[in-house]
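Visitor:
Protein chains: 6
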Amino acid sequence: MNSAPFARPSGRDPSALRQIQFEPGFSKHAEGSCLVSFGDTRVLCTASIEDKVPPFLRGTNRGWVTAEYGMLPRSTHSRMDREASRGKQSGRTHEIQRLIGRSLRMATDLGYLGERQIKIDCDVIQADGGTRTAAISGAWVALYLAGQGLVESGVLKSHPVVTSLAAISCGIWHGVPLLDLDYLEDSDCDADANFVITQSGDLIEVQLTAEKQAIGQETMMSLLALARAGVATIIGEQFKACGIAGLALPVRANPS
Amino acid sequence: MNSAPFARPSGRDPSALRQIQFEPGFSKHAEGSCLVSFGDTRVLCTASIEDKVPPFLRGTNRGWVTAEYGMLPRSTHSRMDREASRGKQSGRTHEIQRLIGRSLRMATDLGYLGERQIKIDCDVIQADGGTRTAAISGAWVALYLAGQGLVESGVLKSHPVVTSLAAISCGIWHGVPLLDLDYLEDSDCDADANFVITQSGDLIEVQLTAEKQAIGQETMMSLLALARAGVATIIGEQFKACGIAGLALPVRANPS
Amino acid sequence: MNSAPFARPSGRDPSALRQIQFEPGFSKHAEGSCLVSFGDTRVLCTASIEDKVPPFLRGTNRGWVTAEYGMLPRSTHSRMDREASRGKQSGRTHEIQRLIGRSLRMATDLGYLGERQIKIDCDVIQADGGTRTAAISGAWVALYLAGQGLVESGVLKSHPVVTSLAAISCGIWHGVPLLDLDYLEDSDCDADANFVITQSGDLIEVQLTAEKQAIGQETMMSLLALARAGVATIIGEQFKACGIAGLALPVRANPS
Amino acid sequence: MNSAPFARPSGRDPSALRQIQFEPGFSKHAEGSCLVSFGDTRVLCTASIEDKVPPFLRGTNRGWVTAEYGMLPRSTHSRMDREASRGKQSGRTHEIQRLIGRSLRMATDLGYLGERQIKIDCDVIQADGGTRTAAISGAWVALYLAGQGLVESGVLKSHPVVTSLAAISCGIWHGVPLLDLDYLEDSDCDADANFVITQSGDLIEVQLTAEKQAIGQETMMSLLALARAGVATIIGEQFKACGIAGLALPVRANPS
Amino acid sequence: MNSAPFARPSGRDPSALRQIQFEPGFSKHAEGSCLVSFGDTRVLCTASIEDKVPPFLRGTNRGWVTAEYGMLPRSTHSRMDREASRGKQSGRTHEIQRLIGRSLRMATDLGYLGERQIKIDCDVIQADGGTRTAAISGAWVALYLAGQGLVESGVLKSHPVVTSLAAISCGIWHGVPLLDLDYLEDSDCDADANFVITQSGDLIEVQLTAEKQAIGQETMMSLLALARAGVATIIGEQFKACGIAGLALPVRANPS
Amino acid sequence: MNSAPFARPSGRDPSALRQIQFEPGFSKHAEGSCLVSFGDTRVLCTASIEDKVPPFLRGTNRGWVTAEYGMLPRSTHSRMDREASRGKQSGRTHEIQRLIGRSLRMATDLGYLGERQIKIDCDVIQADGGTRTAAISGAWVALYLAGQGLVESGVLKSHPVVTSLAAISCGIWHGVPLLDLDYLEDSDCDADANFVITQSGDLIEVQLTAEKQAIGQETMMSLLALARAGVATIIGEQFKACGIAGLALPVRANPS
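Residue numbers (the numbering used here), protein chains in the order written: chain A, 13 to 268; chain B, 13 to 268; chain C, 13 to 268; chain D, 13 to 268; chain E, 13 to 268; chain F, 13 to 268.
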């Protein structure tokens, strides 16, 4: 690169998020729902509560949170085949929905939830990079709202969601660490990483992948620093969308 | 029924449509798109233009229009299994997407379109009855806008969409013919019917099904009359969404 | 068309059925069976009684009638892929078997049937147009014979099949309404329609599709008139095949 | 067993075939076809000629013969699931269709056939034991008739079917070797075997399976003797159905 | 062939087996296991005991033995597609695993086994001809060792495996009967046959297939003689691997 | 935990690897192969060279490396269903094989490889924790040996594998960072992480997952330090298995 001032394709500052927006209650039928936008990436997240748990949990008095992910065929620049029509989900879909499910289970007191399953559906309406991190962040809102309903209807006394978390992507683009890559940046980066981080800055999931070259420990540290700052902002937006007043989830009276 | 004044569950007049709305250009990537709402039923329709036709049309210089249909798992009152996850599409899905495709091919001059395929995706974001008729009506808008793009970019001289059409459901509910059933009405009707009708009132598709009892010819005629009136209104809304100024599609100079 | 006298490809009069034939008891194992021929179209219909109903009916004391449809790979002019080998049924197959099942449920007193399921299999041995309407007509015979067995063996006191019905196709061919299209006529028609009609002339199912051009209400009425006349004849043949003596199904003593 | 005179369930003599019947030309569309009956077992066999060979033969100037097998769902005593609906063929189906294909390839001069494929479909209309051997025997007739068509239409000068063969089952039932087991006998035998044998008595395929106990070499020899006699009779019937005048296939002028 | 002394590709004597080796206990987790080598053909066989039987055996107090077979994608000369990735098992796989299961059920006293299922997995690590016969022979060892565990842990008093058996392939190669074909020999033979034979020389399964020409009864007899001799040797090796001291399975006190 | 001296279940020191072993050339047919053992975890890795690349690379003169992963059904403590039999691969399988493929592509000069594809198969023979990291480490050896063959046969002048890398798992167990978890440790850890690291200590892939609680940045750093040390040792073993003499891959003359 020459000495021209650095400019990322989106024109954003390296540490700037896109416009982040959560629209809670987007779906009329779901127990919890949210349309999340990270810039032009839009994902509809719904949470459905079922009274049946997977076989391995029957009789244990414990609950479960699981997730499914999909992209509408024309959410992307060129149309993708519909997975329902091809008859199977891609490896990428499997990978992402497993990630979403693991992350949200870490946010939930599954023992307190009781023998219930919350199924999260994350459907990408429009894709412009970062769909999996937008999905996790939106899914947390849908999950929280569904849990809120369990409390408001008297099924549970305390809220089963006990940890606040959000997810964001980072990447190295032309040697510079950037926060929240859009599609153009993502398709031309040296390495990218997805972080799921709690409000206290601890790590739930890290998925780092070198795309063009291996990266050193220092570089990884700067990605992590960007991600932590981004997550703090996103959690603020989640709280607003959920109507959580304070700076943190309310302390629970010991529910168990 | 007793002599109390008749009231359909939705409170609407028997011949009243729900609030009909078309939001053109909802999707950033698709060549044509539209979010259509018939009351609480919302369907995202996109049109994708491809330069490849199905094998049976290769070398014929003719085009094709086809459609796929899907429902988000929690578009419905209780969550449905995701078809991509089950690995196959239901019979109902097959039936509906075939209906959409047939209808839109009748709206299009496939010979003039040339060796191109337009794929319509209709994805139900929220379901409250009448998803297939909303989908056809919205898909016409997405198709028209995609065709408009072919004209504006100079690929075609005239518009390949040559017939205006829309679809609506009707039904017999407690003996009374009703227009545009919502979910509550639909799940308790004696018979229902879906009509695809042109602006001139002619029939493209009729699908009539007795649910509780067979119906006579007269009754069918009253359903058809309701449908024709409804379609006229819907076509007006489609024209507004597409920016079509007059009362009918412009007359084409003979394109072939 | 010029002024030459009109002649449909089959040489039949516009309102003439093909040779209609029902061979009851064609299958040794099934509780009810029938090989139905509409001209060269031949469909083997069997009815199998099972003591198990689908999950949504368990414990309701109600029965169910469902149908599956298939074509032998070389029932057609050129060989089709075997659906069992491709691993999925086509959209057309789904559409047809749903139609058959819906129609036959309307013929049956499902509450009186009790917690039993009757599965109808319609397998096309040879296809020459109109397989779905032949299948419905033949399936009614198989269903009736299976129900007869329940009465004769003392399981039920009255016959669970309470409505007589048959199905027939019509179409507009070179502007002329024709009854009972064969393959040649069907593949070159302007519009076609399938009707399922009761003995009293009421409508159970209508599936009308414009193939080349939309049709007006008058035209639809003439198709319906043809269909009603055809169905009356077919029901006469069904009664002969089932050994039903009178002109209508016997009046039931109130079975519930 | 006691000293009561031996009687097999079918009442036949141990070395007696069931009524064997071939109805050539049963199907209007196929290049060759035959409805074969071995007693109550009825199999519809069709041969379809295609100008395309499997990938591994392209450009080799050699042809191929392959087979598919299926059972109608209610061909059996109790209804089986439809394979097309389950989405996969059973292991038994795979095993049988491979056997049919291998056997018929041995009857055919594949080099002389040229780059053509003959697909055999064997669909069991009614099952009462011995469906695979009936299928092979009937498939030979369908194949021969299809080959005859190639000669009559001048595509080939000599007949591509160069070996006459048929198949039959045998079994040990209560210690006694029986020819041509029906369902009752087959489901209660000690061991059974299927033989595909040429007119000269040589072996194409042997599939012997001990069901209740292992069998000695002598016993196997008596089964083989029964089978050879049975095959001779069946080949006679095949010749009649195909209109082959002499006692053997005509000697070919060296076709290659 | 000229008068040069006959030499099979492997250089072995026509009646010579390859190096046969059984490594019992190859797998740490399975109840019984064995890595079997017939020359360069290597198959890992494991036996897994489950307390659940297939539906048709529930409540009968009888057990079941079943088998699955697979080939590692690069066990063969050129890489094969992975069946798990293609989403279905080939016809050949189905055929082989059914053969293995049937054979081993004949070795087992299923009534004495009780309501347990033993699942045999045969996975080909390296293929050089004769994988199915190596698999059956190795599976017998895995099955025997699993049964031994049931006795040693006191679950059963007597051993549920009551018949010793092994399998071997033979073939006609350039007119000469050969024992234990390797890949080179197998791919160029006139006919081949697989035999499953008991220690007493009786037949459990015979699968004979003419590849290039039909074979006479005499020839079949010479193949059978080769096979019997080979099986006797293999059973000796199986006994060594299982630590069976005598020349035959110990006589059981009447276990039922 | 009390003050008793810390002991991990395996008895190893926290920073101790299990016994690591690479057996190159394990498979007779593959272009490169290796049986890798990390303690009781054993994975067979093969590399198959094909002259065909995926469609998106045709005509680009670039190559590709991809991977498939599978577990033998009884490689695990209790038997798993066979994926080929279930008809689909699990999400976990998809996730792992994508990880292996991405990692090995980073080791390879795909432009220099030319229009060739190297398919890596990793099949778990026995599982005791860490199968994916053992698979990546073994796959590198198989890949390297396959590349060596391309050089030795003169197809390529320089070696296409240009980066040495290996993979290892770490985890937090009862608060203590441990290297190379076995199954017992893995199933009871607070968090685990898989690292793919180059010889120079840079990161190719990081997959960190909190299982019981989120972890801080410091903790992540200690896991990374353990992993880097482990990888250095493993790369030493890989070099020995591949016969690489020096401490690093030889410097390439500029191959492009």
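Ideal Cβ placement from N, Cα and C applies to all residues, glycine included. In this text, all values refer to a predicted model and were calculated from it rather than measured experimentally.
Check the Cβ of residue 107(E) against every Cβ in chain D and list those closer than 8 Å, keeping chain order.
Guide: Those are 103, 106, 107, 110, listed as they occur along chain D.
Visitor: Residues in the same chain with beta-carbon distance under 7 Å from residue 241(C), minus the five sequence neighbours each way, listed in chain order, please.
Guide: Closer than 7 Å at Cβ, skipping near neighbours: 27.
Visitor: For residue 45(A), I'd like the list of residues in its chain whose CB is within less than 8 Å of its CB, leaving aside the five on either flank, ordered along the chain.
Guide: So the qualifying residues of the chain are 36, 37, 38, 39, 56, 57, 58, 59, 154, 157.
Visitor: May I ask you to verify whether the segment 125 to 141 of chain E touches the segment 225 to 245 of chain D, counting CB pairs closer than 8 Å and requiring at least 3?
Guide: As far as the Cβ criterion goes, the segment 125 to 141 of chain E does not touch the segment 225 to 245 of chain D, which means the pair count is below three.
Visitor: Of the residues that make up the segment 204 to 232 of chain A, which ones have a beta carbon closer than 9 Å to any beta carbon in chain F?
Guide: Answer in chain order: 205, 208, 209, 210, 212, 213, 214, 215, 216, 217, 218, 219, 220, 221, 222, 223, 224, 225, 226, 227, 228, 229, 231, 232.
Visitor: Tell me the start and end of each unbroken beta strand (DSSP E) in the segment 186 to 224 of chain E that is at least 3 residues and wholly inside, in chain order.
Guide: Here the runs fully enclosed are 188 to 191, 203 to 210, 215 to 222.
Visitor: Return the CA-CA distance between residue 95(E) and residue 223(D), expressed in angstroms with no decimal places.
Guide: Going by the C-alpha atoms only, they are around 30 Å apart.
Visitor: Given that residue 138(D) touches chain C, what residues does it touch there, using C-beta distances under 8 Å?
Guide: Correct list: 39, 40, 41.
Visitor: Under the rule that 16 or more other beta-carbon atoms within 10 Å means buried, what is residue 255(D), buried or exposed?
Guide: It is exposed - the Cβ of residue 255(D) has fewer than 16 other Cβ atoms within 10 Å.
Visitor: Using the three-state DSSP reduction, which class does residue 92(F) fall into: helix, strand or coil?
Guide: If DSSP states are grouped into helix, strand and coil, residue 92(F) belongs with coil.
Visitor: What residues in its chain sit with their C-beta under 8 Å from that of residue 184(D), if we drop five residues either side in the sequence?
Guide: Result list for residue 184(D): 190, 201, 202, 203, 204, 227, 231, 235, in chain order.
Visitor: If the cut is a Cβ gap below 8 Å, which residues of chain F does residue 114(A) touch?
Guide: In chain order: 221.
Visitor: So, with DSSP's three-state summary, where would you put residue 33(F)?
Guide: Here residue 33(F) sits in strand by DSSP.
Visitor: When DSSP labels each residue in this structure, what does residue 263(A) get in the three-state scheme?
Guide: Residue state, collapsed to three classes: coil.
Visitor: Taking residue 60(D) as the query, report the chain C residues whose CB atoms sit under 7 Å from its CB, ordered along the chain.
Guide: Within chain C, the residues near residue 60(D) are 86, 91.
Visitor: When you compare each of 135(D), 166(D), 34(D), 19(D) to residue 125(D) by their alpha carbons, which one comes out closest?
Guide: Comparing Cα-Cα distances from residue 125(D) to each of 135(D), 166(D), 34(D), 19(D), the minimum goes to 166(D).
Visitor: With 16 as the cutoff for other CB atoms within 10 Å, does residue 14(B) come out buried or exposed?
Guide: Low local confidence applies: a pLDDT of 48 at residue 14(B) is under 50, so the model's placement there is unreliable, and no value is given.
Visitor: When the distance is taken between beta carbons, is residue 29(E) closer than 8 Å to residue 245(E)?
Guide: Yes, the pair counts as a contact, with Cβ atoms nearer than the cut-off.
Visitor: Would residue 21(D) pass as a contact of residue 177(D) if the rule is Cβ separation under 8 Å?
Guide: Not closer than 8 Å, so no.
Visitor: Give me the residue from 170(D), 84(D), 142(D), 144(D) with the minimum Cα distance to residue 123(D).
Guide: The shortest Cα separation from residue 123(D) among 170(D), 84(D), 142(D), 144(D) belongs to 170(D).
Visitor: So, under 8 Å CB-CB, residue 99(A) and residue 64(C) are touching, yes? Tell me the CB distance rounded to an integer number of Å.
Guide: Going by Cβ atoms, the distance from residue 99(A) to residue 64(C) rounds to 28 Å, so no, they are not a contact pair.
Visitor: Check whether the segment 258 to 265 of chain A touches the segment 46 to 55 of chain A, taking contact to mean three or more Cβ pairs, one atom from each stretch, closer than 8 Å.
Guide: Verdict: no, contact absent.
Visitor: What separation, rounded to the nearest whole angstrom, lies between the Cα atoms of residue 85(C) and residue 102(D)?
Guide: Those two C-alpha atoms are separated by around 18 Å.
Visitor: With a cut-off of 8 Å, does the C-beta of residue 13(C) fall near any C-beta of chain D?
Guide: Confidence at residue 13(C) is low in this model, with a pLDDT of 41, below 50, so the placement of that residue is unreliable and no value is reported for it.
Visitor: If you check the beta carbons only, do residue 81(E) and residue 61(E) fall under 8 Å apart?
Guide: Cβ distance not < 8 Å, so residue 81(E) and residue 61(E) don't count as in contact.
Visitor: List, in order along the chain, the chain A residues whose C-beta lies closer than 9 Å to that of residue 64(F)?
Guide: Neighbours of residue 64(F) on chain A: none; closest Cβ ~20 Å, over 9 Å.
Visitor: Quick check: the Cα distance between residue 25(F) and residue 19(A), rounded to an integer number of angstroms?
Guide: When rounded, the distance between both Cα atoms is 49 Å.
Visitor: With a threshold of 7 Å on Cβ separation, who are the neighbours of residue 87(B) within its own chain once the five nearest residues in sequence on each side are excluded?
Guide: Excluding residues within five positions, the ones whose Cβ falls inside 7 Å are 136, 137, 138, 139.
Visitor: For residue 22(A) and chain B, any beta-carbon pair shorter than 8 Å?
Guide: Cβ-Cβ to chain B under 8 Å: no for residue 22(A).
Visitor: Assuming residue 66(B) and residue 76(B) form a contact by the criterion Cβ under 8 Å, report the distance between their Cβ atoms to the nearest whole angstrom.
Guide: Indeed, because the Cβ distance is near 6 Å, the residues count as touching under 8 Å.
Visitor: So which residues of chain A does residue 71(B) contact, with C-beta pairs closer than 7 Å?
Guide: Near residue 71(B) there are no residues of chain A at all, since even the closest Cβ is about 23 Å away, more than 7 Å.
Visitor: List, in order along the chain, the chain D residues whose C-beta lies closer than 8 Å to that of residue 8(E)?
Guide: Chain E is shown from 13 up to 268; residue 8(E) falls before or after that span and cannot be answered.
Visitor: Thinking residue 249(A) and residue 32(A) are a contact (beta carbons under 8 Å), I'd like their distance in whole angstroms, please.
Guide: Indeed they touch by this definition, with Cβ atoms about 5 Å apart.
Visitor: Straight-line CA distance for residue 23(A) to residue 198(A)?
Guide: Roughly 14 Å separates the two Cα atoms.
Visitor: Against chain C, with Cβ distances strictly below 8 Å, would residue 99(D) count as a contact?
Guide: Cβ-Cβ to chain C under 8 Å: yes for residue 99(D).
Visitor: Using a Cβ cut-off of 8 Å (strictly closer), state whether residue 95(A) contacts chain B.
Guide: For residue 95(A), the answer is yes, since a Cβ of chain B falls inside 8 Å of its Cβ.
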